[in-house]
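*Asks:* One structure coming up, written as structure tokens, with questions to follow.
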Amino acid sequence: MEVSTLIYFVSLVRNHSVHNAAVELSVSPTTINHAVYALEQSAGVPLLLRNAHGREVVPTTTAYGESFHRTSVLFLKSCLSLISPADREVSAELSEQDLHTIRQSGITFRMISYFLHVCDAGSISAAAKGLAVTQPALSRQIGKFETILGFQLFERMHTGMQLTAAAWPFKDICQTMALLFDRLRRSLSLGYSRAVKDLKLAAMIPSSSKSALASLLAGLIPLWHNRAYQPSLSITTIVVPAIIAGLLDKTYDVGLADVIDVPAKLDFLDFETSPIFLVFGKTDQKLILNDDPASIIAASTMALPSFGTGMRSLTDAYLEGAAVRPRAVLETQSMSLMLRLVEDNICCAILPAGSFEYHNVFSKQLPRRFSRTIRLLWRRDYSNMDVISRLTSALQEIRSGSRCC
Numbered sequence: 001m002e003v004s005t006l007i008y009f010v011s012l013v014r015n016h017s018v019h020n021a022a023v024e025l026s027v028s029p030t031t032i033n034h035a036v037y038a039l040e041q042s043a044g045v046p047l048l049l050r051n052a053h054g055r056e057v058v059p060t061t062t063a064y065g066e067s068f069h070r071t072s073v074l075f076l077k078s079c080l081s082l083i084s085p086a087d088r089e090v091s092a093e094l095s096e097q098d099l100h101t102i103r104q105s106g107i108t109f110r111m112i113s114y115f116l117h118v119c120d121a122g123s124i125s126a127a128a129k130g131l132a133v134t135q136p137a138l139s140r141q142i143g144k145f146e147t148i149l150g151f152q153l154f155e156r157m158h159t160g161m162q163l164t165a166a167a168w169p170f171k172d173i174c175q176t177m178a179l180l181f182d183r184l185r186r187s188l189s190l191g192y193s194r195a196v197k198d199l200k201l202a203a204m205i206p207s208s209s210k211s212a213l214a215s216l217l218a219g220l221i222p223l224w225h226n227r228a229y230q231p232s233l234s235i236t237t238i239v240v241p242a243i244i245a246g247l248l249d250k251t252y253d254v255g256l257a258d259v260i261d262v263p264a265k266l267d268f269l270d271f272e273t274s275p276i277f278l279v280f281g282k283t284d285q286k287l288i289l290n291d292d293p294a295s296i297i298a299a300s301t302m303a304l305p306s307f308g309t310g311m312r313s314l315t316d317a318y319l320e321g322a323a324v325r326p327r328a329v330l331e332t333q334s335m336s337l338m339l340r341l342v343e344d345n346i347c348c349a350i351l352p353a354g355s356f357e358y359h360n361v362f363s364k365q366l367p368r369r370f371s372r373t374i375r376l377l378w379r380r381d382y383s384n385m386d387v388i389s390r391l392t393s394a395l396q397e398i399r400s401g402s403r404c405c
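Each step along the sequence shown adds one to the number in UniProt numbering, with nothing skipped, and position 55 is 55.
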């Protein structure tokens, strides 16, 4: 659950219209709908009643949705208190400008949570260990939070990290926000417990509807249902860092991701190892099929996957090993966008087998030492290992020799 999701929900309730909320926030109606449906799926109960008035659908909060909305507004007001000038009073109602301000700030609950963990632990290293993240990743989040707030949060002392004078008042606000966010998560969990409790699988987002990963996930649902496996299965496709965070905070039970550095709190099983390829457009006049990969990369704009994914680590490792730099880079979380950029001759990219169709692009296989491994991940304290074994067997049966992702 992201801050942006709460903004979309609050705007939708305030405007009583998906279209008006989308216009207010300068996003597509699909973005609003997807965010709210994801919230309802997490809750297991409807947050909105959608009554048709002609062509327009007017959403009205359910009693459950109204309670969730009130807490969301309180949380967003706290966000506004953090990022607004000290002399500005936060009004009783969140205005359109308020929602824009919060959204454009880039503030996330992860920043707030990491800040509070460092406060409690007294050092970056101790907090990183407790969160099962790397120290650079934690430091980056703290740095982003400082940039948003406009001042330094910690001073490095010989005894560890100490809050600056400017940061002390903000600690109380962050603690209040943590309590509100926890209330929101409990609300979703409470609603979900009223529905049938599912086995929640979080998987990487497929590069396209025709990719091996899409076929694997699409085949898993009917197999699980037709054999009446228990518990019921729900699948969510999200970016890899969100999979890891969701496993650690128990939002998800099992993950399917190309993680290289697995946190200590998670256990894993290598599901499949596949080669990776440099892919580029078939009609790109700058590129010759006989060129070696390094020459192609040096002459091209390159699409890079986002940090925190196995493919980004492999891409960086290959570029470093080949001592080559692309002419320019475009970073994205979306494998499907990367593939589209390749097919449209805008970028080259390094993609795993099964994520693209060979007749649509030129491809060159890279050395096998750069192969990508897909892993099935779960928490070490997860109690039902029979379910993990059943899921593993089902995935292997569906794959039946085809490459994944």
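Heads up, the beta-carbon is just placed ideally off N, CA and C, and yes, glycines get one too.
Could you say if the stretch 267–283 and the stretch 360–375 meet the contact criterion of at least three C-beta pairs nearer than 8 Å?
*Replies:* At 8 Å Cβ cutoff, the stretches touch.
*Asks:* Among residues of its own chain, excluding the 5 on either side of residue 364, which ones have a beta-carbon nearer than 7 Å to its beta-carbon?
*Replies:* The sequence position of residue 364 within the sequence shown is 364, counting from 1. Correct list, in chain order: 277, 278 and 293.
*Asks:* Rounding to the nearest angstrom, what Cα-Cα distance links residue 56 and residue 184 in this structure?
*Replies:* Position 56 of the sequence shown holds residue 56. Position 184 of the sequence shown holds residue 184. The pLDDT assigned to residue 56 is 49, lower than 50, so where the model puts this residue is not dependable, and the model offers no usable value.
*Asks:* So for residue 6, helix, strand or coil by DSSP?
*Replies:* Your numbering for residue 6 matches position 6 in the sequence shown. Helix at residue 6.
*Asks:* By Cβ distance, which residues of its chain are closer than 7 Å to residue 109, with the 5 residues on each side in sequence left out?
*Replies:* Working through the sequence shown from its first residue, we reach residue 109 at position 109. Cβ neighbours of residue 109 beyond the five flanking positions: 3 and 181.
*Asks:* Comparing C-alpha positions only, which one of 310, 114 and 169 sits nearest to residue 143?
*Replies:* Stepping through the sequence shown from its first residue, residue 143 is reached at position 143. Cα-wise, what sits closest to residue 143 is 114.
*Asks:* Could you check if residue 283 is buried or exposed, using at least 16 other CB atoms within 10 Å of its CB as the buried criterion?
*Replies:* Locating residue 283 in the sequence shown gives position 283, counting from the first residue. It counts as exposed.
*Asks:* What residues are listed by DSSP as bridge partners for residue 364?
*Replies:* Stepping through the sequence shown from its first residue, residue 364 is reached at position 364. The partner list for residue 364 (beta bridge, DSSP) reads 278.
*Asks:* Excluding five sequence neighbours on each side, which residues of the same chain lie with their C-beta closer than 7 Å to the C-beta of residue 392?
*Replies:* Residue mapping note: residue 392 aligns to position 392 of the sequence shown, counting from 1. If we look at residue 392 and ignore the five residues flanking it on each side, its Cβ neighbours are 269 and 376.
*Asks:* Please report how far the alpha carbon of residue 354 lies from the alpha carbon of residue 223, in whole angstroms.
*Replies:* The residue given as residue 354 occupies position 354 in the sequence shown. The residue given as residue 223 occupies position 223 in the sequence shown. Between residue 354 and residue 223, the C-alpha separation is close to 21 Å.
*Asks:* Could you give the distance in angstroms between the alpha-carbon of residue 400 and the alpha-carbon of residue 272?
*Replies:* Indexing the sequence shown from 1 puts residue 400 at position 400. Indexing the sequence shown from 1 puts residue 272 at position 272. Cα to Cα, residue 400 sits roughly 11 Å from residue 272.
*Asks:* Tell me which residues share the same chain as residue 73 and place their Cβ nearer than 7 Å to its Cβ, disregarding the 5 neighbours each side in the sequence.
*Replies:* Indexing the sequence shown from 1 puts residue 73 at position 73. So the list reads 10 and 94, once near-sequence residues are dropped.
*Asks:* Assuming residue 256 contacts residue 201 under a Cβ cut-off of 8 Å, what Cβ separation, rounded to an integer in Å, is found between them?
*Replies:* As a first step, residue 256 must be located in the sequence shown, where it is residue number 256. As a first step, residue 201 must be located in the sequence shown, where it is residue number 201. Between residue 201 and residue 256 the Cβ distance is about 7 Å, and since that is below 8 Å, they are a contact.
*Asks:* With respect to the beta strand (DSSP E) encompassing residue 302, which residues constitute its N-terminal and C-terminal limits?
*Replies:* Within the sequence shown, the letter at position 302 stands for residue 302. Element bounds for residue 302: 301–305.
*Asks:* Whose C-beta lies closer than 6 Å to the C-beta of residue 205 among residues of the same chain, with five residues either side of it excluded?
*Replies:* Within the sequence shown, numbered from 1, the residue matching residue 205 stands at position 205. Closer than 6 Å at the Cβ level, and outside the excluded window around residue 205, lie 237.
*Asks:* Bridge partners for residue 224 per DSSP, in chain order?
*Replies:* Within the sequence shown, residue 224 is the residue found at index 224, counting from 1. Beta-bridge pairing links residue 224 to no other residue.
*Asks:* Using C-beta distances below 8 Å, list every residue in its chain close to residue 198, excluding the 5 sequence neighbours before and after it, in chain order.
*Replies:* Within the sequence shown, the letter at position 198 stands for residue 198. Taken in chain order, the residues that qualify are 231, 232, 233 and 234.
*Asks:* Over the uninterrupted beta strand (DSSP E) stretch that includes residue 406, give me the two end residues.
*Replies:* Outside the shown range of the chain (1 to 405) lies residue 406, about which nothing can therefore be said.
*Asks:* Could you check which residue in 367, 22 and 345 has the C-alpha nearest to that of residue 352?
*Replies:* The sequence position of residue 352 within the sequence shown is 352, counting from 1. That would be 367, whose Cα lies nearest to the Cα of residue 352.
*Asks:* What is the DSSP secondary structure of residue 312, counted as helix, strand or coil?
*Replies:* The sequence position of residue 312 within the sequence shown is 312, counting from 1. Three-state result, residue 312: helix.
*Asks:* Suppose you measure from the CA of residue 78 to the CA of residue 176; what does that come to, to the nearest Å?
*Replies:* On the sequence shown, residue 78 is found 78 positions in, with the first residue counted as 1. On the sequence shown, residue 176 is found 176 positions in, with the first residue counted as 1. Looking at the two C-alpha atoms, the distance is approximately 8 Å.
*Asks:* Check whether the stretch 115–135 and the stretch 21–34 are in contact - that is, three or more C-beta pairs closer than 8 Å.
*Replies:* As far as the Cβ criterion goes, the stretch 115–135 does not touch the stretch 21–34, which means the pair count is below three.
*Asks:* Could you name the residues of the same chain whose beta carbon sits closer than 7 Å to that of residue 13, not counting the 5 residues immediately before and after it, in chain order?
*Replies:* To locate residue 13, count along the sequence shown from 1; it is residue 13. 61 and 69, listed in sequence order.
*Asks:* Across the stretch 245–264 and the stretch 377–392, are there enough close Cβ pairs to call them in contact, namely three or more that are closer than 8 Å?
*Replies:* The answer is yes - the stretch 377–392 touches the stretch 245–264, with three or more Cβ pairs under 8 Å.
*Asks:* Please report the straight-line C-alpha distance between residue 193 and residue 17, rounded to a whole angstrom.
*Replies:* Position 193 of the sequence shown, counted from the start, is the residue given in the question as residue 193. Position 17 of the sequence shown, counted from the start, is the residue given in the question as residue 17. Its pLDDT being 43, under 50, residue 193 is placed unreliably by the model, and the measurement read from it follows with that caveat. Taking the straight line joining both Cα atoms gives about 29 Å.
*Asks:* With a CB to CB cut of under 8 Å and the five nearest residues on each side skipped, what residues in its chain are close to residue 106?
*Replies:* The residue labelled residue 106 in the question sits at position 106 within the sequence shown. Excluding residues within five positions, the ones whose Cβ falls inside 8 Å are 144 and 148.
*Asks:* Does the Cβ-Cβ distance between residue 309 and residue 240 come in under 7 Å?
*Replies:* One-based indexing of the sequence shown puts residue 309 at position 309. One-based indexing of the sequence shown puts residue 240 at position 240. Yes, the pair counts as a contact, with Cβ atoms nearer than the cut-off.
*Asks:* Return the CA-CA distance between residue 66 and residue 165, expressed in angstroms with no decimal places.
*Replies:* Here residue 66 refers to the residue found at position 66 when the sequence shown is read from its first residue. Here residue 165 refers to the residue found at position 165 when the sequence shown is read from its first residue. Approximately 38 Å, taken between the alpha carbons.
*Asks:* Among all the DSSP beta bridges, which residues are the ones paired with residue 375?
*Replies:* Reading the sequence shown from its first residue, position 375 is the one you call residue 375. Per DSSP, 257 and 270.
*Asks:* What does DSSP give as the partner residues of residue 331 in its beta bridges?
*Replies:* Counted from its first residue, the sequence shown places residue 331 at position 331. Paired residue(s): 304.
*Asks:* Just how far apart, CA to CA, sit residue 242 and residue 323?
*Replies:* Counted from its first residue, the sequence shown places residue 242 at position 242. Counted from its first residue, the sequence shown places residue 323 at position 323. For residue 242 and residue 323, the distance between alpha carbons rounds to 31 Å.
*Asks:* Could you give the DSSP three-state label for residue 352: helix, strand or coil?
*Replies:* In the sequence shown, counting from the first residue as 1, residue 352 sits at position 352. Three-state DSSP puts residue 352 in a strand.
*Asks:* Nearest CA to the CA of residue 123: which residue from 103, 336 and 160?
*Replies:* Indexing the sequence shown from 1 puts residue 123 at position 123. Looking at the Cα atoms, 160 is the closest of the given residues.
*Asks:* Please report the straight-line C-alpha distance between residue 120 and residue 127, rounded to a whole angstrom.
*Replies:* Within the sequence shown, numbered from 1, the residue matching residue 120 stands at position 120. Within the sequence shown, numbered from 1, the residue matching residue 127 stands at position 127. If you take the alpha carbons of residue 120 and residue 127, they lie about 8 Å apart.
*Asks:* DSSP three-state label for residue 235, please.
*Replies:* Locating residue 235 in the sequence shown gives position 235, where the first residue counts as 1. In this structure, residue 235 counts as strand in the three-state DSSP scheme.
*Asks:* Whose C-beta lies closer than 8 Å to the C-beta of residue 54 among residues of the same chain, with five residues either side of it excluded?
*Replies:* Stepping through the sequence shown from its first residue, residue 54 is reached at position 54. The predicted model places residue 54 with a pLDDT of 43, which falls under 50 and marks its position as unreliable, so this point remains unresolved.
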